[in-house]
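Asks: Heads up: the sequence shown begins at 811 in our numbering, then just goes up one per residue. Could you have a look at this structure, given as structure tokens, before my questions?
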Amino acid sequence: MIPDVLKTLDSGFIDLMNLRGASIGCRVAVVVGSNACGKSLLRRAIVQKLHYDEGLFVAHFSQEARSKGGLQRVFVYGSEDDESTGYLTISSLLKNFQQDRDKPWVTVCDEPEIGLSEESQIGLGGWLRDRMSNGMPNLLGMVVVTHSRHVVSALSQCDGFRLLDLDGKCNTAEEWLNRDIVSVSPQQLKDKGMARWHEFSGYFKRREDKNG
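Printed below as a string of structure tokens:
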């Protein structure tokens, strides 16, 4: 599973050459999938590829960074000691898109719907969609990792939209929005997450041993 997730970077999911050059190609990439399916791993790989391989500035917002301590986290995301989760989510997004940058850039948003009600998720989806056509010529593209049906529905209306379902069940936004929902119990999710953690750890250890 893990190597297949990483291979998506070279399979046309994000066509960076077209992204740099014109309105063709993938400009809005949305990653979906059930919990513990590999979204976080792919998000890290995407950020590294965009930043190091392609030399683009990446405005990167993730739950991983949000959960860490330190002044940088407080400066970017704020503190839940004072404000609600939803308020902090929206504040960090607004700060990210406050103005266009001087050089070409890409934004990677990991679960931007955290803490938001369905009403707010609808507004968020439309707002993100509008960022791609709202006077930001240096914003080359957007990668969004999400569980929100409202965010997927809105972003699917963008030119250059592509969806990647890491569960491997859906090829289009329409298929994903209309898929059958299968219940997963808390214990099943915990077991799946633990199995995937061991899989990830083993994979990276093998890579470190090979490179070392």
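Just so you know, even glycine gets a beta-carbon here, dropped at the ideal spot from N, CA and C.
Fully enclosed by the region 908-953, which beta strand (DSSP E) runs are 3 residues long or longer?
Replies: Runs of the beta strand (DSSP E) inside the region 908-953: 915-920.
Asks: If you measure from the beta carbon of TYR862 to each beta carbon in chain C, is any gap under 9 Å?
Replies: Of the chains in the structure shown, none is chain C; there is only one protein chain.
Asks: Pull up the distance between the alpha-carbon of MET1004 and that of ASN845, whole angstroms please.
Replies: Using only the alpha carbons, I get a separation of about 11 Å.
Asks: Considering Cα atoms alone, identify which of GLY970, GLY951, VAL961, THR956 is closest to GLU929.
Replies: The shortest Cα separation from GLU929 among GLY970, GLY951, VAL961, THR956 belongs to VAL961.
Asks: With DSSP as the reference, label ARG972 as helix, strand or coil.
Replies: ARG972 falls in the strand class under three-state DSSP.
Asks: Going by DSSP, what residues sit across from HIS870 in a beta bridge?
Replies: Note: HIS870 sits in a beta bridge opposite VAL918.
Asks: Going by CA-CA distance only, name the one from SER850, ASN981, MET946, ILE856 that's closest to ASP820.
Replies: The shortest Cα separation from ASP820 among SER850, ASN981, MET946, ILE856 belongs to ILE856.
Asks: Pop quiz: LEU965 and GLY935 are said to be a contact at Cβ under 8 Å. What is the actual Cβ separation, rounded to whole angstroms?
Replies: With 8 Å as the limit, LEU965 and GLY935 qualify as a contact, their Cβ atoms being about 6 Å apart.
Asks: Taking DSSP's pairing of strands, which residues face ALA839 in a bridge?
Replies: Per DSSP, VAL953, ARG972.
Asks: Whose C-beta lies closer than 8 Å to the C-beta of THR899 among residues of the same chain, with five residues either side of it excluded?
Replies: Cβ neighbours of THR899 beyond the five flanking positions: PRO922, GLU923, ILE924, GLY925, LEU926.
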